[in-house]
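What follows is a single structure, written as structure tokens, with notes after it.
Number of protein chains: 2
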Amino acid sequence: MEEKISAETVHFGEHLTIDGYGGDLAKLGDKKNVFDVVNELPDLLKMKKLSTPAVFFAPENGEKDPGGWRGFVVVAESHIALHTFPARGFVSADIYTCRNGLQVDFVVDYFKEKFKLQDVEINLLRRGTKYPVKNIY
Amino acid sequence: MEEKISAETVHFGEHLTIDGYGGDLAKLGDKKNVFDVVNELPDLLKMKKLSTPAVFFAPENGEKDPGGWRGFVVVAESHIALHTFPARGFVSADIYTCRNGLQVDFVVDYFKEKFKLQDVEINLLRRGTKYPVKNIY
Chain S
16 MEEKISAETV HFGEHLTIDG YGGDLAKLGD KKNVFDVVNE LPDLLKMKKL
66 STPAVFFAPE NGEKDPGGWR GFVVVAESHI ALHTFPARGF VSADIYTCRN
116 GLQVDFVVDY FKEKFKLQDV EINLLRRGTK YPVKNIY
Chain B
16 MEEKISAETV HFGEHLTIDG YGGDLAKLGD KKNVFDVVNE LPDLLKMKKL
66 STPAVFFAPE NGEKDPGGWR GFVVVAESHI ALHTFPARGF VSADIYTCRN
116 GLQVDFVVDY FKEKFKLQDV EINLLRRGTK YPVKNIY
């Protein structure tokens with residue numbers, strides 16, 4: 016089999032996960048507030064939306080999941096997703112971009128403010144560390 | 016401000032990221048193949064779909080992004096997303112579930128087979144490590 020692993024590489028993108036605790040019941044349960052995140056955050060981060068921002072209601076699903084809102088938008092640079100669990104004061108969000116230099120503090124503060132979070136836990140992943148600089152095909 | 020951080024906690028979920036290299040040009044560029052992933056993987060993992068699986072074409076967007084397909088599905092347990100970049104032989108995927116015990120080897124092998132990947136890079140995150148066991152509101 017022909018070797019198709021590129022010699023010249025760069026990391027593809029940055030993926031920030033934010034898990035927030037102690038959030039405000041009403042703000043986590045407000046469909047419009049969740050929609051606003053997937054609608055306005057791409058603009059604030061100068062990402063280009065490829066899909067209509069979508070928000071779905073997730074009903075209670077077992078003991079662990081009291082239900083909430085799921086928001087999602089596909090951007091040219093990758094995607095933004097969030098899941099709220101109002102009864103637990105919890106939100107779990109992903110901001111994945113293929114442009115480097117993601118404004119981590121700005122995004123974390125944005126989520127803290129949007130849902131009045133008392134505590135957050137973040138991960139910042141470098142995705143695709145062996146991404147080819149040039150087309151291989 | 017009242018303290019709304021729960022004392023009794025558990026980790027909320029598991030998030031697997033898969034970045035795959037040296038994939039097959041035709042398979043990465045095949046809309047149906049990308050759709051199949053977001054359509055059938057939830058079933059294979061016994062996840063409950065909350066949205067219609069969606070696939071969008073992303074046109075070329077600068078030097079780094081030769082374009083490709085973006086697939087996404089919201090599941091009760093969270094979401095599955097993937098982004099293919101056929102010209103670079105690259106795919107970047109997220110499988111995020113709030114049920115613990117994700118079958119990592121199964122999912123990685125599934126992506127390897129689906130796109131004929133020559134190399135993969137994975138991260139397995141524990142998300143929401145301070146998730147309240149019970150409703151706080």
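Going line by line, the protein sequences match chains S and B.
The first sequence runs 16 to 152 under the numbering used here.
The second sequence runs 16 to 152 under the numbering used here.
Virtual Cβ for every residue (Gly too), placed ideally from N, Cα, C.
*asked:* Can you check which of these residues, S:E136, S:N150, S:L132, is closest to A41 (chain S) by C-alpha distance?
replied: S:L132
_Own chain, CB closer than 6 Å to D109 (chain S), minus 5 neighbours either side, in chain order_ = Closer than 6 Å at the Cβ level, and outside the excluded window around D109 (chain S), lie T32, A96.
_Residue nearest to G37 (chain S) in terms of C-alpha spacing, selected from B:G37, B:M62, B:A22_ = Cα-wise, what sits closest to G37 (chain S) is B:A22.
*Can you tell me whether DSSP reads E136 (chain S) as helix, strand or coil?*
strand
*Between N150 (chain S) and chain B, is there a C-beta pair that is closer than 8 Å?*
yes
*asked:* Taking the beta carbon of L59 (chain B) as the centre, do at least 16 other beta carbons fall within 10 Å, making it buried, or is it exposed?
replied: exposed
*Using the beta-carbon of each residue, which ones in chain S are nearer than 8 Å to T32 (chain B)?*
Taking a Cβ-Cβ cut-off of 8 Å, the neighbours of T32 (chain B) in chain S comprise H30, L140, R142, given in sequence order.
*Mind checking G77 (chain S): buried by the 16 CB within 10 Å criterion, or exposed?*
exposed
*Which residues mark the beginning and the end of the beta strand (DSSP E) in which Y111 (chain S) is found?*
105-112
_On the criterion of 16 or more Cβ atoms from any shown chain inside 10 Å, does I75 (chain B) qualify as buried, or is it exposed?_
Ile is not the amino acid found at residue 75 (chain B); the sequence shown has Glu there. Under this definition E75 (chain B) is an exposed residue.
*asked:* What ranges does the alpha helix (DSSP H) occupy inside the region 28-115 of chain S, keeping only unbroken runs of at least 4 residues that lie completely in it?
replied: 40-43, 46-59
*Mind checking whether Y146 (chain B) and T24 (chain B) have CB atoms under 8 Å apart?*
yes
*asked:* In this structure, how does DSSP classify V119 (chain S) when only helix, strand and coil are distinguished?
replied: helix
_Please identify the residue among S:P81, S:V122, S:S107 whose C-alpha is closest to the C-alpha of V148 (chain B)._
S:P81
*Taking all protein chains shown into account, do 16 or more other C-beta atoms lie within 10 angstroms of the C-beta of F72 (chain B), making it buried, or fewer, making it exposed?*
exposed
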